Amino acid sequence: NAMIFSHFLTDEMIPQHITQMILDANVGPIMFLVIVNVLLLLMGQFMEPSSVVMITVPLLLPIATTLGIDPIHFGVIMVVNMEIGMITPPVGLNLFVASGITGLDLKEVIMASLPWSLTIFVGLLLVTYIPAISLWLPTLMFG
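Positions in the sequence shown are counted from 1; adding 28 to them yields the working numbering.
Here is the structure:
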């Protein structure tokens with residue numbers, strides 16, 4: 029259960045230990061975001077988004093905030109990564125949904141989604157490395 033895992037992480041201070049290891053390794057915010065994107069893209073190919081979020085957020089969010097990454101920005105990065113995972117084989121759930129709705133073979137759906145996948149990946153890069161894209165509305169609303 030993800031709740032038990034979260035309590036274990038908290039009790040054993042795992043996020044704090046991992047944060048300290050990353051800070052000791054002199055991993056900066058940019059390299060951390062590269063690592064996060066690769067990790068989330070790989071996990072998103074094989075797991076459903078809610079599971080990925082429940083497993084990774086307790087570990088990664090404390091590191092991100094320690095490195096000065098805005099939590100809202102980090103959340104947007106997570107959401108975009110999860111959507112890419114939903115349309116990436118082998119488990120991309122949205123591919124199976126699209127195949128069922130359209131009656132097309134899964135291979136046809138995958139081929140039709142490739143240009144859009146590339147577009148979303150470019151969007152992920154923009155959102156990741158230009159924080160103002162994900163933070164402009166919260167900044168406008170809350171200052």
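In this text, a Cβ means the ideal position worked out from N, Cα and C, and glycines have one as well.
A quick note: this is a predicted structure, and the numbers were derived from the prediction, not measured.
Start and end residues, alpha helix (DSSP H) containing residue i
i: residue 53; result: Careful: residue 53 lies outside any alpha helix (DSSP H) and carries neither H nor E.
i: residue 75; result: Note, residue 75: premise wrong, no alpha helix (DSSP H); not H, not E.
i: residue 161; result: 159–170
Proximity below 8 angstroms, CB of residue i to CB of residue j
i: residue 100; j: residue 152; result: no
i: residue 163; j: residue 98; result: yes
i: residue 65; j: residue 156; result: yes
i: residue 106; j: residue 68; result: yes
i: residue 47; j: residue 94; result: yes
i: residue 57; j: residue 87; result: no
i: residue 123; j: residue 137; result: yes
i: residue 110; j: residue 150; result: no
C-alpha distance - residue i paired with residue j, whole-angstrom precision
i: residue 114; j: residue 79; result: 12 angstroms
i: residue 166; j: residue 140; result: 34 angstroms
i: residue 117; j: residue 142; result: 11 angstroms
i: residue 129; j: residue 108; result: 23 angstroms
i: residue 26; j: residue 53; result: In the structure displayed, the chain extends from 29 to 171; residue 26 sits before or after that span and is not available.
i: residue 55; j: residue 77; result: 26 angstroms
i: residue 154; j: residue 60; result: 16 angstroms
i: residue 32; j: residue 160; result: 35 angstroms
i: residue 126; j: residue 169; result: 36 angstroms
Are the segment 37–47 and the segment 130–138 in contact at 8 angstroms, needing three or more beta carbon pairs?
-> no
What runs of the alpha helix (DSSP H), each 4 residues or longer, lie entirely inside the segment 76–149?
-> 77–94, 99–114, 121–130
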